[in-house]
């Protein structure tokens with residue numbers, strides 16, 4: 005947890021990119037008698053400093069959260085968009101008051117062990133036309149998915165069907181990942 009000095013009064017929630025599963029959030033009050041308005045849910049009162057309010061967002065919509073005293077907001081993801089792929093995570097969301105004009109981030113590339121990276125950007129609608137990546141305005145930036153559909157080899161640790169999941173199907177004639185395809189990206193079957 006970050007120090008109380010980093011808490012804020014205004015937040016925007018987002019769901020995981022391309023993930024339509026419920027997401028849990030927790031709010032922690034820094035002061036007693038904190039009043040919080042969660043857009044689309046109404047008001048919440050946290051009586052004592054350190055009190056927690058938990059809520060869930062079940063769709064892809066964002067929520068604005070406003071408080072009369074500083075709060076912390078944590079996002080809890082089970083990982084893998086409801087599948088067994090990916091790790092659980094807790095992310096402390098920065099308050100709007102701490103948004104910056106410039107960010108630097110990096111991604112890793114490891115041979116034989118590909119990662120899927122996603123970036124969620126929260127930006128005022130009045131600033132969207134000025135958003136840039138690597139010096140290029142996003143309106144002129146060409147996004148391309150780095151994936152080619154390939155023949156599956158069980159346990160090859162490759163996203164053979166380009167759905168963002170790796171080896172998610174079992175060789176059982178069933179659509180295990182719910183994408184309408186059967187046995188297209190196979191895990192190794194262990195009989196033990």
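In my numbering, the protein residues as written are 5 to 196. Glycine residues also receive a C-beta, built at the ideal position from the N, C-alpha and C atoms.
- Cβ contact annotation for residue 187 (same chain, cutoff 6 Å, sequence separation greater than five): 173, 175, in chain order.
- Within the model, the alpha-carbon separation for residue 24 versus residue 177 is close to 25 Å.
- The C-alpha of residue 169 is placed about 12 Å away from the C-alpha of residue 91.
- Here the stretch 91–107 does not lie against the stretch 54–67, with fewer than 3 beta-carbon pairs under 8 Å apart.
- Taking a contact to require three or more Cβ pairs closer than 8 Å, the stretch 43–55 and the stretch 95–113 do not qualify as touching.
- Per DSSP, the beta bridge partners of residue 173 are 190.
- Assigned with DSSP and collapsed to three states, residue 153 falls in coil, not helix or strand.
- Here residue 34 is buried. Its C-beta has 16 or more other C-beta atoms within 10 Å.
- Taking a contact as a CB-CB distance under 8 Å, the pair residue 14 and residue 82 does not count as one, their CB atoms being some 27 Å apart.
- Closest in alpha carbon position to residue 5, among 48, 78, 111, is 78.
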